[in-house]
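Here the structure comes first, spelled out in structure tokens, and everything after it is commentary.
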Amino acid sequence: MPTEHRGSVASTGSAAPTGSLAAAEHAHQAHHLKYGNVVAAGFYPDDSDDEDEGEEQEGAQAQEADAATSDTLSLAPSTSSGTSNGKLPRDAKARKWRSMERREAHSRAMHEQRRYLFRRPRALQYFRGNVLVRSNEERSSHRLELFFDLVFVGLIATLAEEAVHEHNGDAIVRYILTYTAAWMVWNYMREIFNAFFVDDLPQRVLVLAVMACLVVYGNNAPSAEELLEESGARATAIGSYLVAVGLIFGLMMFYSFYICQYRIQIRSQATIWILLVGLWIGSIFVSVRACIALVAVALVLEYSSLMFFYSPLFKRLAKLRYSSAVAIEHEIDRFTDFVTLVHGEFLYSVLSGHPAGTGVHSGVARVVLTTVVAFVLHGIYCTGAGSKRITHPIRRSMSYAIPFFGLHLPLVSAITLCGDATAELVKENEVAQGIRWIYSATYAIGMVSTALLVMLEKELDAPGELFFSKPVRIAPRFVAAIVVLLLPLADQHHINSTALLGISAALGGAAWLWQELGSLDGPNAPWYQQSSSFAGVPEGAQLHEHCTRTWTGFPALVEPGAWNLDSRRQRGRTTTFVQESNPADISPSAEAIAAPPDHEADSPKLATP
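Each step along the sequence shown adds one to the number in UniProt numbering, with nothing skipped, and position 249 is 249.
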């Protein structure tokens, strides 16, 4: 998983050569810096050696800071080998590499807007020493990425539906392993989209082939516990998974011949995966328990290698001069897309097959409550902790970035299972106890996971700038998780399906409302300090009465002036601007209307009908 430089480092670079004040200001306003500042530069390297010296000094400072405190562990890659007295060797090889990078940057700019069926593979972002190299344009999910996600709508729904119907320990174990394997494929594709996406013919063919493999996988994974002599489901599911991942690594290995910034990491990860193929193949021919053990070990090692080879630790051990980086805004967007997708399982479960029936009765109430639960869980994830300014976990350190990526697996797998469990709760007021436990446990896991994710963020808001501190704002999530987790202990005559969904919706809604209230402006917010330092307000300007307010012990819930209605009429006389033109082309009547008085000769010409 590519990681970013820690957020404590100020941004000083941009697409222009390092040292330009205007360029530094432009980089400081870049979209990818809103989650924590980094030392950033464009693809075209500086001609001088000062950049390398500056990078080396940054690297030395980073190592000193890392030794001082574990909370500021740098996520930037270490500088290259062969250094002496803190300076890079200025030899012919270094100059040759710099020249090649300049030519590559020029070629990138020249061909970026042109259209080809096959494009030269390039890294969309990478580290040069300690400098993040990328464009300042904000990246969001591409239509091909969103289409790829659609295959998971049916895949995860099938896996969860089988687990809910059986609602026993064996089904849950099968669900966890099969879901994790599908999640790994999504992660591999996310890395390609994040680091190398160009939407050319090879990448489109890869997306189509991987989606086909996932369709085959989804049709066989629910029966993966069956032995080989009973059916070919296990062999087909494992085979389709291996083909999908093999195609991904095959394309990445091809890219490694073009992209030096990721070469060692790609090839190291591919080597480990090839060794793990033996575990996958062996799991086809063994008993169920042995299969579970082999698959679990293979998945853990796969995920661990993904984290390790893209971590700062590996970058320092390998002494990488060029190394991977992440487009953080795109990474967050991709995770949000997938979390939104799994929240759709709630809505699918209450609509597919008309579980509430027809008419207005208690089943309709359960359908509505399920919608509220989905709405609350999604809103809590998307709003985070309600902080104004943060340093994202990816930008902090490895000890924060790895849990951020890792927590998404229990989050999405739990929410998927929770959403499918609501389909059974909607149908009947009393359901099997196993379904109630599945719903309550997965709801609790979802709540706790969202709370832990926001705890990984470093809040940059000053004390008192918000009404409540972050721990106070997110504390109700833990309360809601604990209460809902214990509800199945009560008899169904007291806590039936309607009550279970109602309590979940009420507690989740209260937790979200508490967070929204706590994230309002506190006593130390600028507008309570009678400050004029607002965006767009000149220094020393007199503020309107609506711009400031006196702190009364409770934050303002409604914007001052919100009740003042607009009394203007939409119809009436208007003033239009007449474009400058050649006097010979203007008719006498229009010229008479457009001609301003002498003292307005330099003002825009007005025409009033």
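All C-beta atoms, glycine included, are put in the ideal place defined by N, C-alpha and C.
It should be emphasised that the depicted structure is a prediction, and the values quoted were computed from it without experimental measurement.
The straight-line gap separating the alpha-carbon atoms of Phe257 and Leu485 is approximately 52 angstroms. Nearest to Ser349 by C-alpha distance, out of Thr550, Gln492 and Leu417, is Leu417. Below 8 angstroms, enough C-beta pairs join the segment 452 to 466 and the segment 368 to 385 to call them touching: three or more. Rounded to the nearest whole angstrom, the C-alpha separation of Val288 and Pro555 is 59 angstroms. DSSP places Lys458 in the strand class (E or B) of the three-state scheme.
The count of Cβ pairs closer than 8 angstroms, one atom from the segment 277 to 288 and one from the segment 361 to 374, stays below three, leaving the stretches out of contact. Here Asn220 is buried, its C-beta having at least 16 other C-beta atoms within 10 Å. Within its own chain, the residues whose Cβ lies closer than 7 angstroms to the Cβ of Leu201, once the five positions on either side in sequence are excluded, are Leu117 and Phe118, listed in chain order. Taking every protein chain shown into account, the CB of Met110 has fewer than 16 other CB atoms within 10 angstroms, so this residue is exposed. The C-beta distance from Leu500 to Arg436 rounds to 7 angstroms, short enough to fall under 8 angstroms. Only residues of its own chain outside the window of five on either side were considered, and among them Asp420 have a CB closer than 6 angstroms to the CB of Glu161, listed in chain order.
Annotation for Leu132: the continuous beta strand (DSSP E) segment containing it runs Val131 to Arg134.
Secondary structure remark: continuous beta strand (DSSP E) runs of at least 3 residues inside the segment 485 to 515: none found.
Taking one beta carbon from each stretch, the segment 169 to 182 and the segment 406 to 417 have 3 or more pairs nearer than 8 angstroms; the two touch.
Ranked by how close their Cα comes to the Cα of Gly446, the residues Gly502, Ile503, Ser497 and Val376 have Val376 in first place. For the pair of segments examined, the segment 512 to 523 was found to touch the segment 549 to 568: the number of CB pairs separated by less than 8 angstroms reaches three. The beta-bridge partner set that DSSP reports for Phe127 consists of Leu132 and Ser323. For Thr180, the secondary structure class from DSSP, reduced to helix, strand or coil, is helix.
Here Ala233 is actually not in contact with Phe249; their C-beta atoms are around 25 angstroms apart, not less than 8 angstroms.
Under DSSP, Thr391 shares a beta bridge with Lys458. For Pro476, the CB contacts under 8 angstroms within the same chain, skipping 5 residues up- and downstream, are Leu507, Ala510, Ala511, Trp514 and Gln515 in chain order. Of the residues Gly379, Phe309, Ile332 and Ser240, the one whose Cα lies closest to the Cα of Ala209 is Ser240. The beta carbon of Glu424 sits closer than 7 angstroms to those of Val164, Val431 and Ile435, all from its chain and outside the five residues before and after it, given in chain order. Within the same chain, Ser497 come within 8 angstroms of Glu428 by CB-CB distance, once the 5 residues on both sides are set aside. Ranked by Cα distance from Cys260, the first of Tyr35, Pro121, Phe308 and His106 is Pro121. By the Cβ test, the segment 460 to 478 is not in contact with the segment 337 to 354, since fewer than three Cβ pairs between them sit closer than 8 angstroms. Residue environment analysis places Met398 among the buried positions, since at least 16 neighbouring C-beta atoms fall within 10 angstroms of its C-beta. Per DSSP, Val198 is not a residue of any alpha helix (DSSP H), being assigned neither H nor E. Distances from the CA of Val368 to each of Ala105, Val426 and Gly464 were compared; the closest alpha carbon is that of Val426. Boundaries of the alpha helix (DSSP H) harbouring Leu341: Ile328 to Leu351, taken from the DSSP string.
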